[in-house]
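See below for the structure under consideration.
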Amino acid sequence: MLFVYHLGSDLPNQILQGGLRNASPETVVLPLFVDGYDANQMPMYADGPVNTIVGGINTRDPDTVKTSFRAVTFAVMGKGFICEDMGFTAPADITRAPPLLVLSDHAAFFNRTTDGIKDPGFVMQNCTITAQEESTNSLSAITYLGSPCNKYSRTIIMESFLGEVIHPKGWYKWSDNYGIETAPFLEYNNKGPGARTDKRVRWYGYHTIFQRDQMVSYTAARFIQADQWLQSAGIPYESGFVLQK
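1 is the number of the first residue of the sequence shown in the UniProt record's numbering; add one for each residue after it.
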């Protein structure tokens, strides 16, 4: 099952032709305006990330699912998507299938859980990464912070709590060493048993950052210009650093 939440009708034709037209019937497409309401600022609310979980169930042959778009549980495209109090899980039977794919500018999520994030290319600040309670005694409860799935994807983990579920090496590489020399992986001021960096990978693209001024550009106010649009969305956020020096 693929659930696509499309805001507005201005989606590029190449994406429409390559994705939505070949997607499953579980697709919701909203016009630009609904009874005078701008659908480019469409909110979605639920009853909490534990009570409301969007789960992926693959109804196709896993061998035919070649892209993240076709494997993802929930995809959103357009502009101005606001989601609160909801959880997302990835299809268990598709290798590296992501639970959530956001191709929306000015998108914001609040009180959200994602089970099965596997692709890098994000900034995580003031987050908590732990294993589910029922998995803590399992060998499978060891994971990595990310891997270079794209040659120049950028992954930053900062001011977050990393549980013991994190492998000491922190990051996973493919057999052909794809991306480890070009994709930046940064860690800054994290806490918890999984935050130790003395046994991290020794890649050219990996860095443990200690200087605060090197990370200012990844705070919400600078990285996504949050003060210009997120405040009006009613989503609480920190525009700068969360933790003290």
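The C-beta atom is built at its ideal place from N, Cα and C for all residues, glycine as well.
What you are looking at is a predicted structure, and each value in this text was computed from that prediction instead of being measured.
- Around the Cβ of Ser175, a 10 Å sphere holds fewer than 16 other Cβ atoms; the residue is exposed.
- Residue environment analysis places Gly87 among the buried positions, since at least 16 neighbouring C-beta atoms fall within 10 angstroms of its C-beta.
- Rounded to the nearest whole angstrom, the C-alpha separation of Arg200 and Gly170 is 6 Å.
- Residue range Ala220 to Phe223 is occupied by the alpha helix (DSSP H) that includes Ala220.
- The continuous stretches of beta strand (DSSP E) do not include Val242, and DSSP gives it neither H nor E.
- The three-state reading of DSSP puts Arg212 in helix, counting H, G and I together.
- Proximity to Cys149 across Pro184, Glu159 and Ile142 peaks at Pro184, based on C-alpha coordinates.
- Inter-residue distance for Ile235 and Phe109 is about 8 Å (C-alpha atoms, whole angstroms).
- For a cut-off of 8 Å, the C-beta gap from Ile156 to Val123 is around 4 Å, short enough to register as a contact.
- Sixteen is the threshold: since fewer than 16 other Cβ atoms of the shown chains lie within 10 Å of the Cβ of Ser239, the residue is exposed.
- Around the beta carbon of Phe210, fewer than 16 other beta carbons lie within 10 angstroms, which makes this residue exposed.
- Taking 7 Å as the cut-off, the Cβ atoms of Pro99 and Ala107 do not count as close.
- Here Gly205 is not near Gly163, since their CB atoms are 7 Å or more apart.
- Remark: C-beta atoms of Val165 and Thr208 do not approach each other more closely than 7 Å.
- In this structure, Ala221 lies away from Tyr237, with their beta-carbon atoms at least 7 Å apart.
- A distance below 7 Å between beta-carbons, with the five flanking residues on each side excluded, links Val216 to the following residues of its chain, in chain order: Arg222.
- Distances from the alpha-carbon of Ile53 to those of Thr114, Phe241, Thr182 and Met42 put Thr114 closest.
- Within the same chain, Cβ atoms closer than 8 Å to the Cβ of Trp203 are found at Trp171, Lys173, Ile180, Glu181 and Phe185, the five residues on either side in sequence being excluded.
- It is roughly 11 Å from the alpha-carbon of Thr128 to the alpha-carbon of Arg112.
- Here DSSP, grouped into helix, strand and coil, assigns Ser217 to helix.
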